[in-house]
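Engineer: Okay, handing you the structure first.
Residue numbers (full-length UniProt numbering): 1 to 115.
As C-alpha coordinates, then:
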(Lines of atoms letter the chains of each structure in order from A; the text may use other names.)
(Lines give C-alpha, C1' and ligand atoms only; values in the text may rest on other atoms or scores of the structure.)
Protein backbone atom coordinates (compact mmCIF):
# COMPACT_ATOMS: atom_id res chain seq x y z
CA UNK A 1 0.00 0.00 0.00
CA UNK A 2 1.31 3.45 -0.89
CA UNK A 3 1.57 6.14 1.79
CA UNK A 4 -0.81 9.09 1.28
CA UNK A 5 0.73 12.55 1.04
CA UNK A 6 -1.22 15.67 1.92
CA UNK A 7 0.75 18.25 -0.08
CA UNK A 8 2.28 18.54 -3.51
CA UNK A 9 5.33 19.95 -1.77
CA UNK A 10 5.86 16.62 0.05
CA UNK A 11 5.89 14.56 -3.17
CA UNK A 12 9.09 13.25 -4.72
CA UNK A 13 10.06 15.47 -7.65
CA UNK A 14 11.40 14.87 -11.12
CA UNK A 15 11.95 17.49 -13.75
CA UNK A 16 10.45 17.06 -17.20
CA UNK A 17 13.82 16.20 -18.75
CA UNK A 18 14.33 13.34 -16.28
CA UNK A 19 10.86 12.02 -17.08
CA UNK A 20 11.69 11.93 -20.80
CA UNK A 21 15.16 10.44 -20.47
CA UNK A 22 14.59 8.09 -17.51
CA UNK A 23 11.01 6.94 -17.96
CA UNK A 24 11.52 3.43 -16.54
CA UNK A 25 13.13 4.84 -13.38
CA UNK A 26 10.34 7.41 -12.94
CA UNK A 27 7.69 4.73 -13.50
CA UNK A 28 9.25 2.58 -10.74
CA UNK A 29 9.28 5.59 -8.42
CA UNK A 30 5.60 6.25 -9.14
CA UNK A 31 4.78 2.61 -8.39
CA UNK A 32 6.75 2.81 -5.13
CA UNK A 33 5.42 6.14 -3.88
CA UNK A 34 2.04 6.41 -5.61
CA UNK A 35 2.82 9.75 -7.25
CA UNK A 36 5.64 12.02 -8.39
CA UNK A 37 5.55 15.77 -8.97
CA UNK A 38 6.78 16.72 -12.44
CA UNK A 39 8.52 20.10 -12.50
CA UNK A 40 9.48 22.54 -15.20
CA UNK A 41 11.91 25.30 -14.14
CA UNK A 42 11.48 24.20 -10.49
CA UNK A 43 7.71 24.73 -10.62
CA UNK A 44 5.34 21.77 -10.23
CA UNK A 45 3.43 21.49 -13.51
CA UNK A 46 1.64 18.18 -12.93
CA UNK A 47 1.52 15.10 -10.77
CA UNK A 48 2.04 11.64 -12.23
CA UNK A 49 0.03 9.03 -10.31
CA UNK A 50 -0.14 5.25 -10.46
CA UNK A 51 -3.24 3.59 -11.89
CA UNK A 52 -4.09 2.31 -8.39
CA UNK A 53 -3.89 5.82 -6.94
CA UNK A 54 -5.97 7.21 -9.81
CA UNK A 55 -8.70 4.60 -9.19
CA UNK A 56 -8.69 5.42 -5.46
CA UNK A 57 -9.02 9.15 -6.16
CA UNK A 58 -11.75 8.61 -8.77
CA UNK A 59 -13.73 6.37 -6.39
CA UNK A 60 -13.38 8.90 -3.57
CA UNK A 61 -14.52 11.73 -5.85
CA UNK A 62 -17.52 9.72 -7.06
CA UNK A 63 -18.46 8.94 -3.45
CA UNK A 64 -18.31 12.64 -2.65
CA UNK A 65 -20.64 13.40 -5.54
CA UNK A 66 -23.12 10.78 -4.32
CA UNK A 67 -23.04 12.30 -0.84
CA UNK A 68 -23.51 15.82 -2.23
CA UNK A 69 -26.47 14.66 -4.32
CA UNK A 70 -28.06 12.99 -1.28
CA UNK A 71 -27.67 16.20 0.73
CA UNK A 72 -29.11 18.25 -2.13
CA UNK A 73 -32.07 15.86 -2.47
CA UNK A 74 -32.75 16.16 1.28
CA UNK A 75 -32.65 19.98 1.13
CA UNK A 76 -34.95 20.03 -1.92
CA UNK A 77 -37.44 17.81 -0.06
CA UNK A 78 -37.37 20.15 2.95
CA UNK A 79 -37.88 23.17 0.71
CA UNK A 80 -40.76 21.47 -1.11
CA UNK A 81 -42.42 20.65 2.23
CA UNK A 82 -42.12 24.29 3.36
CA UNK A 83 -43.45 25.50 0.03
CA UNK A 84 -46.38 23.09 0.25
CA UNK A 85 -47.51 24.71 3.52
CA UNK A 86 -47.62 28.07 1.76
CA UNK A 87 -49.85 26.59 -0.94
CA UNK A 88 -52.41 25.15 1.50
CA UNK A 89 -55.89 26.69 1.54
CA UNK A 90 -55.98 29.60 3.99
CA UNK A 91 -52.20 29.98 4.11
CA UNK A 92 -52.40 33.54 2.79
CA UNK A 93 -54.88 34.53 5.50
CA UNK A 94 -52.80 32.90 8.27
CA UNK A 95 -49.68 34.67 7.04
CA UNK A 96 -51.45 38.04 6.86
CA UNK A 97 -52.87 37.53 10.38
CA UNK A 98 -49.43 36.68 11.71
CA UNK A 99 -47.86 39.75 10.09
CA UNK A 100 -50.69 41.98 11.31
CA UNK A 101 -50.20 40.81 14.91
CA UNK A 102 -46.75 42.47 14.89
CA UNK A 103 -45.31 39.84 17.20
CA UNK A 104 -48.22 39.87 19.62
CA UNK A 105 -49.53 36.38 20.09
CA UNK A 106 -52.76 35.25 21.62
CA UNK A 107 -53.36 35.09 25.34
CA UNK A 108 -50.28 34.59 27.51
CA UNK A 109 -49.66 30.99 28.49
CA UNK A 110 -50.26 30.03 32.08
CA UNK A 111 -47.29 28.69 34.00
CA UNK A 112 -49.17 26.12 36.02
CA UNK A 113 -52.41 25.11 37.70
CA UNK A 114 -52.17 27.74 40.43
CA UNK A 115 -51.98 30.70 38.07
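Positions of the beta carbon are idealized from the N, C-alpha and C atoms, including for glycine. Quick caveat: nothing in here was measured; it's all calculated off a predicted structure.
1. If residue 36 sits next to residue 11, beta carbons under 8 Å apart, how far is it from one beta carbon to the other, in whole angstroms?
2. Where do the N-terminal and C-terminal ends of the alpha helix (DSSP H) with residue 58 fall, by residue?
3. Straight-line CA distance for residue 45 to residue 30?
4. Per the contact definition of three or more C-beta pairs closer than 8 Å, is the segment 80 to 90 in contact with the segment 49 to 60?
5. Assign residue 17 to one of three DSSP states: helix, strand, or coil.
6. Does DSSP classify residue 111 as helix, strand or coil?
7. Residues bridged to residue 148 by DSSP?
8. Tell me the rounded alpha-carbon separation between residue 62 and residue 70.
9. Of the choices 113, 57, 15, whose alpha-carbon is the least far from that of residue 34?
10. Go ahead and pull the three-state DSSP assignment for residue 33.
Structural biologist: On the basis of the supplied data:
1. 6 Å
2. 51 to 86
3. 16 Å
4. no
5. helix
6. coil
7. No statement about residue 148 is possible, as the shown extent of the chain runs from 1 to 115 and does not include it.
8. 12 Å
9. 57
10. helix
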